[in-house]
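Take the sequence shown: its position 37, counted from the start at 1, is 37 in the working numbering, and no numbers get skipped.
The beta-carbon is built from N, C-alpha and C at its ideal position, and this holds for glycine as well.
Working notes, structure below.
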Amino acid sequence: NGQIDWMIISNIKEDSMNLPENKKRELKKEKLTQLPDLFIYGASYVGKSTLFDSLDNVLFINTDGNCDMYQNPSVYIGKTVQMNGRMKVEKSAWQNFLEVIEELEKRENTFKFIALDLVEDLREHCRVYMCDKLKIAHESDSNYSKGWDMVTTEYNQAVISYLGENYVPEEDDYCIELS
């Protein structure tokens with residue numbers, strides 16, 4: 001096709017760092033039986049959610065309204081509006097998501113798997129929430145990328161820290177992330 005692919009190979013100098021020996025390591029036996037955290041990405045309606053709905057003890061945290069399509073329990077994450085007398089009380093989708101995380105952190109449930117369906121919607125809910133909180137229309141409206149950093153920090157604290165590291169109700173439980 002006329003294009004040239006370039007690959008650079010350099011000699012390793014004698015004063016370079018010590019690299020590990022080129023051989024496979026033995027895995028700890030308890031790690032061999034654990035299902036890892038998963039991030040599944042694919043086109044719409046190819047069966048990502050259906051795959052995980054076939055497992056037991058899954059809680060779907062759902063943002064696209066397809067809750068009725070799961071046999072396992074699900075929580076819909078969206079903006080809520082309630083009337084308290086004449087007062088309208090609004091709660092953002094992100095605030096509702098954080099409430100679900102708080103409940104999961106109590107570890108008063110029997111769920112073994114958490115499926116976030118759709119992750120990109122959660123990111124958008126977080127972005128809208130933080131922009132409202134900062135009184136800006138877009139992350140770029142704040143000085144020196146502060147808005148973008150605050151959105152990223154808020155999102156990472158909730159999704160990565162809470163679900164990725166802290167949500168382990170039992171030693172044998174796992175977290176599954178779906179896109």
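For glycine 65, collect the residues of the same chain with a Cβ closer than 8 Å to its Cβ; drop the 5 residues on either side in sequence, then sort them by chain order.
-> Mapped onto the sequence shown, residue 65 falls at position 65. Correct list, in chain order: Tyr76 and Gly78.
Can you give me the start and stop residues for the beta strand (DSSP E) that isoleucine 114 sits inside?
-> For the purposes of this step, residue 114 is taken as residue 114 along the sequence shown, with counting starting at 1. Looking at the DSSP string, the run of the beta strand (DSSP E) that includes isoleucine 114 is 113-117.
Which of helix, strand or coil DSSP assigns to asparagine 62 = The residue you call residue 62 lines up with position 62 of the sequence shown. Strand.
Look at the Cβ atom of alanine 158, then the Cβ atom of leucine 98, and state whether they are nearer than 8 Å.
-> Residue 158 sits at position 158 when you count from the first residue of the sequence shown. Residue 98 sits at position 98 when you count from the first residue of the sequence shown. Taking 8 Å as the Cβ cut-off, alanine 158 and leucine 98 qualify as a contacting pair.
From the DSSP output, in three-state form, read off threonine 80 for me.
-> Residue 80 sits at position 80 when you count from the first residue of the sequence shown. Threonine 80: strand per DSSP, three-state reduction.
Alpha carbon to alpha carbon, how far is glycine 147 from tryptophan 118? Give it in angstroms, no decimals.
-> Along the sequence shown, read from residue 1 onward, the residue named residue 118 stands at position 118. Along the sequence shown, read from residue 1 onward, the residue named residue 147 stands at position 147. Note that residue 118 is leucine in the sequence shown, not tryptophan. C-alpha separation (whole angstroms): 23 Å.
Compare the C-alpha of serine 49 against each of Ile136, Lys88, Pro73 and Glu154 and name the closest.
-> In the sequence shown, the residue the question calls residue 49 occupies position 49. It is Pro73 whose Cα lies nearest to the Cα of serine 49.
Just the C-alpha distance for serine 44 and lysine 106, rounded to the nearest angstrom, thanks.
-> On the sequence shown, residue 44 is found 44 positions in, with the first residue counted as 1. On the sequence shown, residue 106 is found 106 positions in, with the first residue counted as 1. So the two alpha carbons sit approximately 33 Å from each other.
Using DSSP with H/G/I as helix, E/B as strand and the rest coil, what is isoleucine 101?
-> For the purposes of this step, residue 101 is taken as residue 101 along the sequence shown, with counting starting at 1. In the structure shown, isoleucine 101 sits in a helix (DSSP, three-state: H, G or I).
Quick one: residues in its chain with C-beta nearer than 8 Å to the C-beta of isoleucine 160, no 5 flanking neighbours on either side, listed in chain order?
-> The residue labelled residue 160 in the question sits at position 160 within the sequence shown. The answer is none, since no qualifying residue turns up.
My understanding is that methionine 130 touches valine 100, with C-beta atoms under 8 Å, so please give their C-beta distance in whole angstroms.
-> For the purposes of this step, residue 130 is taken as the residue at position 130 of the sequence shown. For the purposes of this step, residue 100 is taken as the residue at position 100 of the sequence shown. The Cβ separation is near 18 Å, so there is no contact.
Apart from the five residues on each side of it in sequence, which residues of its chain come closer than 6 Å, Cβ to Cβ, to aspartate 121?
-> Here residue 121 refers to the residue found at position 121 when the sequence shown is read from its first residue. Only Thr63 meet the Cβ criterion.
Coil, strand or helix - serine 74 by DSSP | In the sequence shown, counting from the first residue as 1, residue 74 sits at position 74. Looking at serine 74 - three-state DSSP - the assignment turns out to be strand.
Just curious, the beta strand (DSSP E) that lysine 88 is in, first and last residue?
-> Residue 88 sits at position 88 when you count from the first residue of the sequence shown. 87-91 is the span of the beta strand (DSSP E), which, as asked, contains lysine 88.
Shortest alpha-carbon distance to asparagine 57 belongs to which of Glu139, Glu21, Gly47 and Gln71?
-> Against the sequence shown, residue 57 aligns to sequence position 57. Of the candidates Glu139, Glu21, Gly47 and Gln71, the one whose C-alpha sits nearest the C-alpha of asparagine 57 is Gln71.
For serine 54, does the count of other Cβ atoms within 10 angstroms reach 16, so buried, or fall short, so exposed?
-> Locating residue 54 in the sequence shown gives position 54, where the first residue counts as 1. Looking at its Cβ environment, which holds fewer than 16 other Cβ atoms inside 10 Å, serine 54 is exposed.
Through-space distance from lysine 28 to asparagine 22, alpha-carbon basis | Here residue 22 refers to the residue found at position 22 when the sequence shown is read from its first residue. Here residue 28 refers to the residue found at position 28 when the sequence shown is read from its first residue. Rounded to the nearest angstrom, the two C-alpha atoms are 19 Å apart.
Alanine 137, buried or exposed, once every other Cβ within 10 Å from all chains shown has been counted against 16 = In the sequence shown, counting from the first residue as 1, residue 137 sits at position 137. The residue is exposed, with fewer than 16 neighbouring Cβ atoms inside 10 Å.
Locate the alpha helix (DSSP H) running through serine 49, then write down its first and last residues.
-> For the purposes of this step, residue 49 is taken as the residue at position 49 of the sequence shown. 48-53 is the span of the alpha helix (DSSP H), which, as asked, contains serine 49.
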